[in-house]
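Those protein sequence lines, which keep their order, are chains Z and L.
Read left to right, the first sequence gives residues -18 to 153 (my numbering).
Read left to right, the second sequence gives residues 4 to 296 (my numbering).
The C-beta atom is built at its ideal place from N, Cα and C for all residues, glycine as well.
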Amino acid sequence: MTRQSQANRSRRRIGVAIKTGAVAGTAVAAVAASLPLAAHHSFAAEFDSTKEIRATGAVIEVEWLNPHAWIHLNVTELCERPAAPRGSDDVEEEEWACRAPDPDEGSAWGFEMGSPNGLMRQGWSRNSLKPGDGATISGTRARDGSTNSNARNVTMADGTRLFAGSSENSGR
Amino acid sequence: MTVALSGCLIALGWSSGAWAQWTPVADPTSPRDAEGNVIMGAPTPRTADGTPDLAGLWMRTRSGPPPEEGPGGGVSLEPTQAPVPLDPDGPPIVAFFEAGQNMEGGLPYTPWAKELRDQRAELNARDNPDARCLPMGFLQFHQQPQPRMIIQNEKMILIEYEANYGVRHIYMDGRELPPQGEPQPWWYGYSIGYWDGDDLVVETNNLRGADEDSPYDAWLDVNGSPHSREATITERFRRPTFGHLQIDFTIDDPKAYTRPWTVRLDQRLLPDQELIEFICNENQQFNRRIQLN
């Protein structure tokens, strides 16, 4: 079983439906849900830097794959805000609007990280986060309205914060 | 920059114990201080025949102007490198997203190149070859936040780019460039090199072009500044100190630019480090995802 199919299985196991924005519930949404999630991409074509997200939950799986690693999180609290100063997530708490995950969206959120080589140079390894570990991840939502985001920062349960290697400034 | 620095410190201070998996191996030939740190300002290293030795692992660095503004937030993963002082008499410093950002009036596009560049930008650079794990234009390759390794001997110089497993072969055996259009145009073109004093001069032609090849060809920068099959590129590599590599990049392409133009980029040595495998196509899904959108 591939790592991705394990991730898909995990998503099914926790009973979530992955929404793809305007076409939620259609056949297109079903196809999207079955696709592997990692992507080497043009950032701007895929993610909307004006839509920020911060999610807290437990790790479902880490996909340590090129060209981008992914962290899948079973989200218990979801915070959103329209935009933030460039390159910063140090903003006042009240700027975030926080809520429980929308049942229609489901609680399984995917966060695209940097590439494993770059993550390794920043101190990550494939074992840095394990299934069940608590984490808070901030990032940028996908343009397609799906439960995917491009991660900026990851805060471990012990408060340690690491950059996620957003692709936003590397041009990919 | 402050954010990036603090991030590095946080990463270095992280004590999970799970990450020390790529042990640095000290190069015994590098000049070092009493603490064992490589002396980046030491003199240019030279090969047995006296030519500068450009070999090493190199990472882009800032030279002079403040960091360019990307499209929004986000912090990339590259190691923080000491900036290089700006030479006010040198060519404009290149920028990653827009090669002509620091050039007065920007790049001298012909109407054909300007229209194509604008089309590419309007599509949010979705056809950037980097997004397809394909070879990039040289200025993108030189400025990728993933390092590149130069391997040098008398007959050939290789530049191995960690990004998208790019490899350029530069023939140093005295041969001449083939006529434009004679061999099949390649993503990396055909490159010859020779020494002009302490400068390595690399000339490249027979490149695939944006005019006759795919939408993914000839992206000099992230925003899609193109070149054509008529392009000839001249790069002058120099290593003023042990830890500093400087490249002056000139392109002559009458179909895409009304005049030849030159930009400069600076790199810092990453001592005692190595390339890390990056098999971009391992799980590349952008094509399918973007088509769904």
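Neighbour list for residue i in chain L, Cβ cutoff strictly below 7 Å
i: residue 130 of chain Z; result: In chain order: nothing, as chain L lies at least about 12 Å away.
i: residue 46 of chain Z; result: 285, 286
Neighbour list for residue i in chain Z, Cβ cutoff strictly below 9 Å
i: residue 208 of chain L; result: Neighbours of residue 208 of chain L on chain Z: none; closest Cβ ~26 Å, over 9 Å.
i: residue 82 of chain L; result: 102, 103
Neighbouring residues, chain Z, relative to residue i (Cβ below 8 Å)
i: residue 118 of chain L; result: Residues of chain Z passing the Cβ test: none, with the nearest at roughly 20 Å.
i: residue 300 of chain L; result: Since the displayed chain L opens at 4 and closes at 296, residue 300 of chain L lies outside it and no answer follows.
i: residue 105 of chain L; result: Chain Z residues near residue 105 of chain L: none, gap ~17 Å exceeds 8 Å.
Option in the options with minimal Cα separation from residue i
i: residue 31 of chain Z; options: Z:124, Z:135, Z:134; result: Z:124
i: residue 253 of chain L; options: L:234, L:242, L:275; result: L:234
i: residue 202 of chain L; options: L:49, L:181, L:28, L:272; result: L:49
i: residue 256 of chain L; options: L:37, L:110, L:26; result: L:110
i: residue 184 of chain L; options: L:215, L:232, L:224, L:162; result: L:232
i: residue 192 of chain L; options: L:30, L:198, L:140, L:227; result: L:140
i: residue 89 of chain Z; options: Z:139, Z:43, Z:29; result: Z:43
i: residue 85 of chain Z; options: Z:127, Z:107, Z:95; result: Z:127
i: residue 113 of chain L; options: L:264, L:241, L:42; result: L:264
i: residue 45 of chain L; options: L:244, L:288, L:259, L:275; result: L:244
i: residue 33 of chain Z; options: Z:143, Z:115, Z:112, Z:122; result: Z:122
i: residue 105 of chain Z; options: Z:115, Z:120, Z:137, Z:87; result: Z:137
i: residue 43 of chain L; options: L:288, L:274, L:285, L:283; result: L:274
i: residue 49 of chain Z; options: L:135, L:212, L:199, L:261; result: L:135
i: residue 249 of chain L; options: L:38, L:31, L:179, L:66; result: L:66
i: residue 123 of chain L; options: L:226, L:37, L:199; result: L:226
i: residue 56 of chain Z; options: Z:140, Z:133, Z:116, Z:135; result: Z:116
i: residue 96 of chain Z; options: Z:111, Z:80, Z:77, Z:132; result: Z:132
i: residue 218 of chain L; options: L:137, L:162, L:90; result: L:137
i: residue 112 of chain Z; options: Z:25, Z:54, Z:27, Z:26; result: Z:54
i: residue 101 of chain L; options: L:170, L:121, L:82; result: L:121
i: residue 54 of chain L; options: L:251, L:130, L:200, L:128; result: L:200
i: residue 163 of chain L; options: L:177, L:145, L:174; result: L:145
i: residue 81 of chain Z; options: Z:94, Z:46, Z:61, Z:98; result: Z:61
i: residue 84 of chain L; options: L:211, L:272, L:107, L:151; result: L:272
i: residue 117 of chain L; options: L:259, L:127, L:220; result: L:259
i: residue 90 of chain L; options: L:283, L:284, L:266, L:288; result: L:266
i: residue 175 of chain L; options: L:26, L:96, L:92, L:204; result: L:204
i: residue 147 of chain L; options: L:96, L:156, L:59, L:133; result: L:133
Contact list for residue i against chain Z, beta-carbon separation under 7 Å
i: residue 252 of chain L; result: Those do not exist, as residue 252 of chain L stays about 17 Å from chain Z at its closest Cβ, beyond 7 Å.
i: residue 282 of chain L; result: 47
i: residue 279 of chain L; result: 98, 101
CB-CB length for residue i against residue j, believed under 8 Å
i: residue 168 of chain L; j: residue 281 of chain L; result: 7 Å
i: residue 196 of chain L; j: residue 154 of chain L; result: Between residue 154 of chain L and residue 196 of chain L the Cβ distance is about 13 Å, and since that is not below 8 Å, they are no contact.
i: residue 94 of chain L; j: residue 64 of chain L; result: Not a contact, Cβ separation roughly 16 Å.
i: residue 165 of chain L; j: residue 279 of chain L; result: 7 Å
i: residue 143 of chain L; j: residue 268 of chain L; result: At roughly 11 Å, the Cβ-Cβ gap does not stay under 8 Å, so residue 143 of chain L and residue 268 of chain L are not in contact.
i: residue 114 of chain Z; j: residue 39 of chain Z; result: 7 Å
i: residue 52 of chain Z; j: residue 92 of chain Z; result: 5 Å
i: residue 229 of chain L; j: residue 209 of chain L; result: The pair is not a contact, with the Cβ atoms about 16 Å apart (cut-off 8 Å).
i: residue 270 of chain L; j: residue 61 of chain L; result: 4 Å
i: residue 171 of chain L; j: residue 57 of chain L; result: Not a contact, Cβ separation roughly 13 Å.
i: residue 134 of chain Z; j: residue 119 of chain Z; result: 5 Å
i: residue 98 of chain Z; j: residue 149 of chain L; result: 7 Å
i: residue 41 of chain L; j: residue 246 of chain L; result: 7 Å
i: residue 286 of chain L; j: residue 100 of chain Z; result: Rounded, the Cβ-Cβ distance is 15 Å, inconsistent with contact.
i: residue 129 of chain L; j: residue 26 of chain Z; result: 4 Å
i: residue 213 of chain L; j: residue 119 of chain L; result: 6 Å
i: residue 82 of chain L; j: residue 102 of chain Z; result: 6 Å
**Request:** Entirely within the segment 140 to 225 of chain L and at least 4 residues each: give me those alpha helix (DSSP H) ranges in chain order.
**Result:** 141 to 146
**Message:** Please give the ranges of any alpha helix (DSSP H) in the segment 46 to 130 of chain L, keeping only runs that are unbroken, at least 4 residues long and fully inside the region.
**Reply:** 114 to 125
**Asked** For the segment 101 to 121 of chain Z, which residues have a beta carbon sitting closer than 8 Å to at least one beta carbon of chain L?
**Response** 101, 102, 103, 104, 105, 106, 108, 109, 121
**Asked** Taking a cut of 8 Å between CB atoms, which residues from the segment 159 to 193 of chain L lie near chain Z?
**Response** 165
**Those runs of the alpha helix (DSSP H) which lie wholly inside the segment 41 to 106 of chain Z and span at least 4 residues** = 97 to 102
**beta strand (DSSP E) segments (min. 3 residues) lying fully within the segment 221 to 250 of chain L** = 235 to 244
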